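So the structure is just underneath, and the comments pick up after that.
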Amino acid sequence: MSGVVRAEVSRRALARARRRVAWGDALGRLRRDRLALAGLAVLVLVALMALFAPWLVDDAGLDAVDSLDNPTWARPGGDFLLGTDHLGRSVAAQFVYGARVSLFVGLAATVLTVAIGTIVGIFAGFSGRWVDATLMRLTDWFLVIPFLPLAIVLASVLGRGIWNIVFVISVTSWPATARLVRAQVLTVKERLYVDRARALGASRAHVVRRHVLPNVTPLILASATLAVPISILTETTLAFLGLGDPTQPSWGKTLEEAFQAGAIGRNAWWYYLPAGLGIVTVVLAFTVFGRALEEILDPRLRER
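Take 71 as the starting number for the sequence shown in our numbering and just add one per residue.
Right under this line is the structure:
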């Protein structure tokens with residue numbers, strides 16, 4: 071019996087060593103991908119801007135009452151780096167603080183999306199039979215329903231708030247992750263080392279923790295990176311439609327207010343252009359970095 075235990079321990083050590091080598095190889099590939107590094111650099115800069123927003127701009131520029139003495143529709147320059155809006159509020163303050171909300175919603179919604187999708191995918195893949203069939207029919211139901219109309223309906227019912235938006239995005243986005251995780255679980259649970267673990271009396275929770283999660287984590291990580299820009303675009307869309315949090319500045323809310331104030335007709339490009347460019351830049355950076363990470367972590371994509 072002790073020999074069997076020692077063999078199992080050695081197999082675990084070998085598996086951990088292989089995972090360390092695989093992650094080291096992935097990191098090396100990432101360092102050689104200049105486009106991915108450029109995307110990562112952009113994301114780090116935007117994250118730092120959002121994190122240190124109170125030290126970069128004065129939040130008094132967000133308050134219409136405090137901005138009564140400021141000129142309205144002021145062009146960029148002088149005391150206002152990015153100009154002012156129709157209420158005299160600083161566009162720079164809206165841009166910097168808006169990055170915080172947009173990034174927070176995108177990241178929080180992605181974490182919740184991945185959590186729901188991973189749990190559903192593991193349960194479906196391991197349980198099999200009617201549990202698998204039921205969960206996959208539920209997943210298919212969410213996949214069939216148009217994503218944006220469902221998000222709009224849920225946001226309208228739940229009300230305007232940051233956490234409501236996070237919940238709406240995650241509830242409508244988890245099926246893709248669930249499908250991905252389930253497919254990987256079905257592959258992993260048929261491997262020889264999983265059969266050996268079961269033969270030695272390993273519980274289902276032990277198999278999931280020791281063998282399934284380490285194998286699905288790379289794919290989940292790559293999928294999550296690509297899910298963030300979708301969450302940011304969804305938040306922007308809902309905010310533009312007037313379903314965002316009215317008490318918090320976001321890039322989508324800035325676009326909605328600029329449109330309502332007639333900034334396009336006035337040719338006040340400085341009002342809506344910074345938020346629009348911020349959204350496009352962050353979405354492209356996440357997409358470029360996510361695609362590179364997906365190709366690095368998924369051997370099947372590297373072979374194409």
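Even for Gly, the Cβ is constructed at its ideal location relative to N, Cα and C. These numbers were taken from a predicted model, which means no experiment stands behind them.
If you measure between the beta carbons of residue i and residue j, is that distance less than 8 Å?
{"i": "ALA355", "j": "VAL184", "result": "no"}
{"i": "GLU145", "j": "TRP321", "result": "The residue you asked about is not Glu; residue 145 is Arg in the sequence shown. Against a cut-off of 8 Å, the Cβ pair of TRP321 and ARG145 comes out as no contact."}
{"i": "THR180", "j": "ALA297", "result": "yes"}
{"i": "ALA106", "j": "LEU363", "result": "yes"}
{"i": "ARG252", "j": "GLY191", "result": "yes"}
{"i": "ALA225", "j": "LEU313", "result": "yes"}
{"i": "PHE165", "j": "GLY348", "result": "yes"}
{"i": "ASN140", "j": "GLY158", "result": "yes"}
{"i": "ILE366", "j": "ARG99", "result": "yes"}
{"i": "ALA221", "j": "THR324", "result": "no"}
{"i": "PHE217", "j": "LEU228", "result": "no"}
{"i": "TRP143", "j": "ARG336", "result": "yes"}
{"i": "LEU126", "j": "MET119", "result": "yes"}
Thinking C-alpha only, which one of the options is nearest residue i?
{"i": "ALA169", "options": "LEU121, SER243 and LEU363", "result": "LEU121"}
{"i": "PHE310", "options": "GLU327, GLN318, SER301 and ILE302", "result": "GLU327"}
{"i": "THR317", "options": "TYR167, THR142, VAL255 and GLY191", "result": "TYR167"}
{"i": "TRP233", "options": "ASP315, GLY360 and LEU126", "result": "ASP315"}
{"i": "ALA248", "options": "THR188, TRP200, THR304 and THR154", "result": "THR188"}
{"i": "ALA292", "options": "VAL358, LEU157 and ILE302", "result": "VAL358"}
{"i": "SER240", "options": "PRO219, LEU262, SER301 and HIS276", "result": "SER301"}
{"i": "LEU182", "options": "HIS281, TRP244, ILE215 and HIS276", "result": "TRP244"}
{"i": "PRO219", "options": "GLY231, THR242, LEU262 and ARG199", "result": "THR242"}
{"i": "ALA123", "options": "ARG102, VAL171, VAL223 and GLY148", "result": "VAL171"}
{"i": "ALA338", "options": "HIS156, ASP128 and ASP129", "result": "HIS156"}
{"i": "ALA246", "options": "ARG266, LEU262, LEU213 and VAL223", "result": "LEU213"}
{"i": "GLN254", "options": "GLY231, ARG230, PHE193 and VAL223", "result": "PHE193"}
{"i": "THR306", "options": "GLY148, GLY176, LEU250 and ILE186", "result": "GLY176"}
{"i": "LEU250", "options": "ILE186, VAL201 and ASP129", "result": "ILE186"}
{"i": "ASP128", "options": "LEU151, ALA108 and GLY147", "result": "LEU151"}
Between residue i and residue j, how many whole angstroms is the CB-CB distance? I'm expecting something under 8 Å.
{"i": "PHE174", "j": "VAL278", "result": "Actually they do not touch by this definition, with Cβ atoms about 30 Å apart."}
{"i": "VAL353", "j": "PRO299", "result": "4 Å"}
{"i": "LEU132", "j": "ALA163", "result": "5 Å"}
{"i": "VAL112", "j": "THR351", "result": "6 Å"}
{"i": "LEU308", "j": "ILE235", "result": "6 Å"}
Sorry if obvious, but does the Cβ on residue i come closer than 7 Å to a heavy atom of the ligand ATP?
{"i": "THR257", "result": "Ligands displayed in this structure: none; no statement on the ligand ATP is therefore possible."}
In chain order, which continuous runs of the alpha helix (DSSP H) of length 4 or greater are located wholly inside the region 255-329? Runs of the alpha helix (DSSP H) inside the region 255-329: 262-269, 274-277 and 283-310.
Using 8 Å as the threshold, is the region 281-289 in touch with the region 206-216, meaning 3 or more CB pairs across them? With a cut-off of 8 Å, the region 206-216 and the region 281-289 do not count as touching, because too few Cβ pairs lie within range.
The region 331-345 / the region 252-259 touching (three or more Cβ pairs under 8 Å): Fewer than three pairs of CB atoms, one per stretch, sit closer than 8 Å, so the region 331-345 makes no contact with the region 252-259.
Could you tell me which uninterrupted alpha helix (DSSP H) segments, each at least 4 residues in length, are contained entirely in the region 188-263, listed from first to last along the chain? Every alpha helix (DSSP H) of 4 residues or more that sits fully in the region 188-263 is shown, in chain order, as 199-214, 217-228 and 232-258.
At 4 residues or longer, what runs of the alpha helix (DSSP H) sit wholly inside the region 107-149? Within the region 107-149, the complete alpha helix (DSSP H) runs of at least 4 residues are 123-126.
Whole alpha helix (DSSP H) runs in the region 160-186 with 4 or more residues, listed along the chain? DSSP runs (the alpha helix (DSSP H)) wholly in the region 160-186: none.
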